[in-house]
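What follows is a single structure, written as structure tokens, with notes after it.
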């Protein structure tokens with residue numbers, strides 16, 4: 005027999021459609037039939053099916069662009085905020101009560117905005133070497149801040165003016181053939197996207213770049229341009245979807261695009277794309293979008309039930325709709341994302357279904373796909389240690405050589421700026437400690453996150469875990485009437501459970517930490533809203549509120565009165581939560597700096613393979629770090645509910661952005677291997693002081709909160725760029741060395 009005779013006639017898998025898409029079609033049919041059986045009034049009509057296709061169109065168009073990004077082994081978390089921002093910008097440009105521009109000008113400016121966002125994402129990831137999830141996550145938060153700032157939290161509508169431009173606004177309406185024009189637009193985009201990815205050089209370059217970027221470079225493929233191009237396609241897809249939504253609704257609300265990135269990523273992964281890169285089809289992504297939207301509708305619409313209502317002595321049966329509680333849908337979508345990502349390496353790449361079918365027929369099993377390493381893994385920490393970058397042997401020079409020196413200097417300068425702008429406010433002791441209270445929550449989160457980042461991972465769920473712990477404690481206090489100790493214990497347990505899931509999925513199932521914690525970001529936030537039914541809770545025992553009170557308040561609660569003097573003055577302004585935060589920071593700092601576990605953390609983050617060769621149980625180290633981050637976030641959530649004497653489901657929003665910026669500003673490396681507790685605390689002080697200064701009323705002006713969030717996002721990007729180009733690449737060191745060589749050359753020439 006000739007060598008390889010059995011494989012001579014095998015064909016390469018189709019890049020347009022395959023067996024996975026056929027399976028998705030079958031699942032969609034079964035799911036829709038199930039929905040029609042459970043809720044025939046909604047799903048059992050042609051109008052419902054038409055509405056499903058219409059709503060899927062916008063998600064699927066974004067998914068087409070996201071397919072190019074994920075096949076490239078990248079990620080775009082900004083598509084949801086881009087979608088919302090484009091719709092909001094169009095509304096402000098077009099609405100007669102705002103800028104009142106014509107529709108063509110508004111469309112051109114929105115398309116330009118989409119190009120700018122895509123180009124910014126691509127340049128950040130390729131040229132500036134910012135990890136994709138950090139770059140696009142920051143753009144997500146910045147975009148969301150712009151949406152809230154531009155709308156002022158209010159809806160903008162323009163149905164009257166829309167009548168003057170029927171050509172554009174007819175895109176959101178039903179055409180003469182009986183279906184919505186958005187469906188036709190989606191079909192055109194899907195066909196073009198599938199052809200480009202599956203049959204053109206652009207597609208070939210995309211698969212090559214995602215499959216093995218280094219080999220693609222050797223083959224002469226301009227991989228940086230390929231990745232930038234994918235981000236442009238993704239952003240333009242979100243822009244088109246935003247314009248379609250603006251055409252359909254003839255208005256916009258601040259909630260446009262919320263959680264949109266989660267839906268789109270889940271759709272692409274369910275459609276068969278690999279988070280490891282190099283695999284994906286547009287047809288599968290579109291079917292995945294249809295599946296996700298259908299699941300969302302099934303969950304949101306609920307199902308008909310009958311209830312018996314007693315009026316006097318008479319019982320009356322009434323029809324009702326049972327729907328899931330507030331927050332249930334984000335929980336499900338978060339779970340769906342994690343499960344979808346797990347399916348690809350454990351089922352698709354191992355070809356479980358195909359191998360099982362071959363076993364049933366007595367045929368030899370096909371070989372499993374090669375399972376590569378962790379997707380989107382940044383380069384390991386490189387560059388000089390602090391002792392190598394010290395500018396001189398002087399004490400000040402050694403201080404400047406520390407990675408956390410920048411944060412300490414910035415904190416001092418920001419404090420002095422506050423004194424200069426408002427000495428009447430800044431020098432007031434009670435006001436100073438009020439700022440310290442805001443700092444405590446962020447510092448607690450940053451303490452745990454320092455361990456995670458130093459170990460080479462990331463935790464995007466810390467803000468949501470804060471909300472989950474606070475919500476759990478509030479639920480036990482208010483709804484179940486539990487005592488404070490039980491409420492605290494259950495809140496901590498809920499937070500630790502979230503951390504345990506993060507650790508198991510990241511370490512046990514080998515998923516990238518940002519994917520696992522992104523799923524938990526939505527799951528924990530949804531559960532927090534679910535427990536309190538989306539409402540603010542308040543009114544629990546004062547014994548619980550003591551966690552957020554001043555020391556003197558606690559002493560008075562136990563009938564202890566301090567005599568007048570400095571001790572009483574300090575007790576009246578220092579909070580117990582501040583003392584607790586510094587106690588936790590002291591213990592965590594000692595462990596990180598001087599104990600063996602701290603050395604293991606940095607070794608794991610610096611070079612995980614070398615750490616494993618050295619006998620370090622790197623899985624255990626990463627597991628504990630993720631658990632510690634969740635514990636610190638849970639403590640912050642418990643204190644949050646006590647300090648405000650109430651709980652709001654939006655607690656902890658943007659805290660993950662603040663905490664990551666704090667750690668990076670404080671000298672931590674986004675690639676792992678570095679991190680100090682002093683630096684993290686100083687970084688948290690920088691973020692807290694920036695927020696305090698921007699909210700400071702100076703001559704009657706203070707910046708709105710939404711613009712502050714935009715500014716914090718920009719700070720995070722700058723901090724990451726400083727880490728990559730100043731600390732890691734050591735450009736200042738190279739510049740000084742070059743200047744020294746030039747100086748020595750001149751001395752030799754004149755000698």
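Numbering (the working numbering), first residue to last: 5 to 755. Even glycine gets a Cβ: it sits at the ideal position worked out from N, Cα and C. Small disclaimer: the values here were computed from a predicted structure and weren't measured.
Sub-8 Å separation of residue i and residue j beta-carbons
i           : j           : result
residue 250 : residue 67  : no
residue 136 : residue 79  : yes
residue 134 : residue 454 : no
residue 147 : residue 56  : no
residue 244 : residue 449 : no
residue 580 : residue 555 : yes
residue 87  : residue 246 : yes
residue 530 : residue 331 : yes
residue 296 : residue 267 : yes
residue 74  : residue 277 : yes
residue 715 : residue 698 : yes
residue 418 : residue 724 : no
residue 100 : residue 161 : no
residue 94  : residue 114 : yes
residue 528 : residue 469 : yes
residue 452 : residue 632 : yes
residue 342 : residue 523 : yes
residue 603 : residue 152 : no
C-alpha distance - residue i paired with residue j, whole-angstrom precision
i           : j           : result
residue 220 : residue 346 : 27 Å
residue 623 : residue 601 : 13 Å
residue 344 : residue 272 : 9 Å
residue 91  : residue 727 : 34 Å
residue 231 : residue 130 : 7 Å
residue 34  : residue 483 : 39 Å
residue 595 : residue 496 : 22 Å
residue 485 : residue 467 : 26 Å
residue 304 : residue 333 : 7 Å
residue 105 : residue 157 : 22 Å
residue 377 : residue 217 : The predicted position of residue 377 is uncertain, since its pLDDT is 39 and thus under 50; no value can be drawn from it.
residue 672 : residue 474 : 28 Å
residue 3   : residue 525 : What the structure shows of the chain is the stretch from 5 to 755, and residue 3 is not part of that stretch, so it cannot be assessed.
residue 415 : residue 607 : 29 Å
residue 212 : residue 264 : 28 Å
residue 3   : residue 58  : With the chain covering 5 to 755 only, the question about residue 3 has no answer from this structure.
residue 707 : residue 585 : 29 Å
residue 349 : residue 275 : 13 Å
residue 731 : residue 407 : 8 Å
residue 743 : residue 405 : 19 Å
residue 661 : residue 181 : 48 Å
For residue j and residue i, believed in contact at Cβ under 8 Å, the rounded distance
i           : j           : result
residue 643 : residue 551 : 6 Å
residue 337 : residue 270 : 6 Å
residue 149 : residue 717 : 7 Å
residue 609 : residue 459 : 5 Å
residue 289 : residue 122 : Incorrect: roughly 18 Å between the Cβ atoms, too far for contact.
residue 463 : residue 421 : Wrong, their Cβ atoms sit about 31 Å apart, outside the cutoff.
residue 447 : residue 685 : 6 Å
residue 541 : residue 651 : 5 Å
residue 32  : residue 291 : 7 Å
Residue i - partner residues in DSSP beta bridges
i           : result
residue 554 : 579
residue 741 : DSSP, once it has assigned bridges, lists no residue as partnering residue 741.
residue 178 : 184
residue 542 : 650
residue 457 : Answer by DSSP bridge pairing: none, since residue 457 is not bridged.
Unbroken alpha helix (DSSP H) run spanning residue i, endpoints
i           : result
residue 695 : 681-699
residue 239 : 227-253
residue 152 : 136-155
residue 719 : 709-725
residue 210 : 205-215
residue 653 : Premise fails: residue 653 is in no alpha helix (DSSP H) and is neither H nor E.
residue 638 : 622-648
residue 73  : 50-75
residue 31  : 23-42
residue 432 : No alpha helix (DSSP H) contains residue 432, which DSSP labels as neither H nor E.
residue 300 : 286-305
residue 602 : 600-610
residue 662 : 659-669
8 Å Cβ cutoff, residue i in contact with chain C
i           : result
residue 236 : The chain labelled as chain C is not found in the depicted structure, where only one protein chain is given.
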